[in-house]
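Working notes, beginning with the structure itself.
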Amino acid sequence: MRIAVGADHAGFAMKQALADHLRGRGLEVIDCGARSIEPVDYPDFGAAVGRAVAAGHADLGLCVCGTGIGIAMAANKIAGVRAAVAHDATSARLARRHNDANVLCLGERLVGSEVAREALDAWLDAAFEAGRHTARVAKIDALAASDPVTGRPSDQTSEP
Ligand code: RB5
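Quick note, the numbering used here runs 16 ahead of the 1-based positions in the sequence shown.
Here you go:
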């Protein structure tokens, strides 16, 4: 399994540690940056991870910034990405089971390193439960292909 990882400067140290953890689990890591603690803009890295997942270059993505929030917002702008901010193993596990989150976002300034590792493992080890969640997740994905004002599919320009 290939995992794209990305972080801004505020998530760099946690990204490096979690990338090592992923490699230790035998997973292939695609590092989308950042490469140092030099200040950068988190949308660039959320987008890079999101694009790697959307393009199929990676099976899943891991994003880290100060809070996990901004980088998740950016990743979620990429069609096909369902990025979830998690603060512990329970939220990470449910993000996979119920929401089929394909990108996990963590906040280095909010979550300790041990809890972050537990959250990552819980997310990786969980499986989408499908069933009643399938149609709900499909509705999330359909939003990316809909007109932001009318809610109609973007390729449907006039009233049916
Ligand atoms: C960077 O200072 C910080 O704003 C960023 O890492 C993130 O927390 C934004 O959501």
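Note that beta-carbon positions come from the ideal geometry of N, C-alpha and C, so glycine has one too.
Predicted model, so just to flag it, every value in this text is computed and none were measured.
In this structure, the alpha-carbon of Cys-79 lies about 29 Å from that of Pro-169. In the DSSP assignment, Arg-18 falls within the beta strand (DSSP E) that extends over 18-23.
About 4 Å separates the Cβ atoms of Ala-99 and Val-119, confirming a contact at the 8 Å cut-off. DSSP, read as helix, strand or coil, puts Ile-87 in helix. Of the heavy atoms belonging to the ligand RB5, at least one sits nearer than 8 Å to the Cβ of Ala-26. By the neighbour-count criterion, in which a residue is buried when 16 or more other Cβ atoms sit within 10 angstroms of its Cβ, Leu-159 is exposed. Looking only at Ala-161, Gly-82, His-114 and Asp-137, the smallest Cα-Cα distance to Glu-124 is reached by Gly-82. Here DSSP, grouped into helix, strand and coil, assigns Glu-134 to helix. The continuous stretches of beta strand (DSSP E) do not include Ile-156, which lies in the alpha helix (DSSP H) extending over residues 148-159. Rounded to whole angstroms, Arg-148 and Ile-53 show a C-alpha spacing of 42 Å.
Per DSSP, Leu-34 lies in no beta strand (DSSP E) segment; the continuous alpha helix (DSSP H) that holds it begins and ends at 28-40. Per DSSP, reduced to three states, the secondary structure at Ala-100 is strand. Gly-86 and Gly-96 have their alpha carbons spaced roughly 18 Å apart. Here Arg-39 is exposed: its Cβ has fewer than 16 other Cβ atoms, across all protein chains shown, within 10 Å. Short note on Ile-87: C-beta closer than 8 Å to some heavy atom of the ligand RB5. Judged by pairs of C-beta atoms under 8 Å, the region 19-32 touches the region 49-68, as three or more such pairs exist.
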